[in-house]
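Structure first, commentary second.
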Amino acid sequence: MSSILPFPDGLAAQFEPYLPSSKTNGLPSLTLTFATSLDSALSLGPGIQTQLSGPLTKAMTHHIRTFHSAILVGASTAISDDPGLNSRIQGAKHQPIPIVLDPNARWNITESSRVVQTAKQGKGRAPFILVNSKNIDDDVVVERRNMLQGYGGGYIGITVDDSGRFKWEVILSILKQELGIESLMVEGGGNVINSLLEDEENKKLVDNVIITIAPTWLGKGGVVVSPERKPNAKGEYTQPRLTDVKWIPMDEDVVLCGKLNASGTSHDNP
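Numbering that gives the first Met the number 0 numbers the first residue of the sequence shown as 0 and each following residue consecutively.
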């Protein structure tokens, strides 16, 4: 789908308090945004593309994208959705850089991938894919990198931790150093969102949260936003909470906006 999406000025003004602002820690501002069902599911199951947002909230997402230097998704989302990762909002003056987390180089991106076609048509930008630095010189990565470089994209190698995952602070630091990213919009999928919310240090990196809630249940077996509960350094379990909360009805959906208070309320080990 490549149609241009209109978004009313009156609605756009309601999101201004939740747009990126300058930070003092030297890292990009981070907005976490996704669409969920009433039972906190992002999709019917792993690898199953599931439509949740209505037309107006979809336009809202594309509007918010134009205020960010980059948008980020995980490899599973790239593989299952073949996304364009651009902004189709009417009158968009800026296109964000697509970033894909793919430590194991699973995404077989080609000339026919929608994000590449979008860049080729001048409607978006070519992606940068973050892989395990040990994989950066693999033949398949070199081949894909050469293709992407022709459109202004590429691959960036990053070290992983003992579990094979990137550290979020390292991701943000490298994106700023390598690409000049000042603001990042994280859109999914489940593993990416949960990893941001389950660790104390990661939660502190999140500035704004914008969640579309669709009036539907997806049932058991779906990909859900339910981060693992982990104790902080004091052995306490924190209950992160949104502040400066605003609920915005948009047709049949409702959008929840807020600032993430990572420390929230502390509880003893249950």
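Heads up, the beta-carbon is just placed ideally off N, CA and C, and yes, glycines get one too.
Counting only the same chain and skipping the five closest in sequence on each side, list residues whose C-beta sits under 6 Å from that of residue i.
i    : result
L272 : There is simply no residue 272 to check, as the chain begins at 0 and stops at 269 in what is shown.
M0   : Confidence is the limiting factor: at M0 the pLDDT is only 48, short of 50, which leaves the residue's position unreliable, though a coordinate-based value still follows. No residues qualify anywhere along the chain.
L147 : A125 and G153
G53  : D250, E251 and D252
S79  : G46 and Q48
V185 : L31 and L71
A104 : V130, N134 and V140
F14  : none
L43  : T49, L217 and G221
C256 : Y17, I209 and K245
I180 : P27, S68, A69 and L174
Are there 16 or more other CB atoms within 10 angstroms of the CB of residue i, so buried, or fewer, so exposed?
i    : result
P82  : buried
E177 : exposed
A232 : exposed
G325 : Outside the shown range of the chain (0 to 269) lies residue 325, about which nothing can therefore be said.
W167 : buried
G221 : buried
H93  : exposed
N85  : buried
D281 : No answer is possible for residue 281: the residues shown for the chain start at 0 and end at 269.
G355 : The question about residue 355 has no answer, for the chain in this structure spans 0 to 269.
S285 : The question about residue 285 has no answer, for the chain in this structure spans 0 to 269.
G123 : buried
P95  : buried
P19  : buried
R139 : The sequence given here places Val at residue 139; Arg does not occur at that position. It is exposed - the Cβ of V139 has fewer than 16 other Cβ atoms within 10 Å.
W246 : exposed
T23  : exposed
V244 : exposed
T117 : buried
T242 : exposed
On the DSSP bridge list, what partners appear for residue i?
i    : result
G187 : V72
S42  : V222
T211 : A34 and V254
I247 : V254
L241 : L259
I3   : Answer is none; I3 lacks a bridge partner.
S182 : S28
I88  : L4
Can you find the residues in the same chain that come closer than 7 Å, C-beta to C-beta, to residue i, ignoring five residues on each side of it along the sequence?
i    : result
I88  : L4, F6, A58, H61, H62 and T65
F165 : L100, P102, L129, I157 and V159
G163 : P102
Return the chain-ordered list of same chain residues with a C-beta closer than 8 Å to the C-beta of residue i, the five sequence neighbours on each side being excluded.
i    : result
N193 : V224, S225, P226 and E227
L41  : F33, A34, T35, T49, L51, G187, G188, G189, I192, G221, V222, V223 and V224
L183 : P27, S28, L29, T30, H67, S68, A69, I70, L71, I98, L171 and L174
What residue does the beta strand (DSSP E) around residue i start on, and which one ends it?
i    : result
L129 : F127 to N131
P97  : I96 to L100
G9   : Unbroken run through G9 is the alpha helix (DSSP H), D8 to Q13; no beta strand (DSSP E).
I173 : No beta strand (DSSP E) holds I173; the alpha helix (DSSP H) holding it covers W167 to L178.
I need the boundaries of the alpha helix (DSSP H) containing residue i, first residue and last residue.
i    : result
I157 : That residue, I157, is in no alpha helix (DSSP H); its beta strand (DSSP E) goes G153 to I157.
E142 : D138 to Q148
H62  : P54 to R64
N201 : E199 to K202
Q116 : R113 to K119
Is residue i close to the ligand GTP? I mean its beta-carbon at under 8 Å from any heavy atom of the ligand.
i   : result
F66 : The model on display carries no ligand, and the ligand GTP is accordingly not part of it.
Inset, instruction - Give a yes or no on contact between the region 91-103 and the region 66-83, applying the rule of three or more CB pairs nearer than 8 Å. - result: yes
Legend entry - the region 213-224 touching the region 36-54, judged by at least three CB pairs closer than 8 Å: yes
Inset, instruction - Tell me, please, whether the region 3-20 touches the region 189-204 by the rule of three or more beta-carbon pairs shorter than 8 Å. - result: no
Legend entry - Touch test, the region 116-133 against the region 143-154, Cβ-Cβ under 8 Å, three pairs minimum: yes
Inset, instruction - Spell out a yes or no on whether the region 139-150 and the region 106-121 are touching, meaning 3 or more CB-CB pairs, one atom from each, closer than 8 Å. - result: yes
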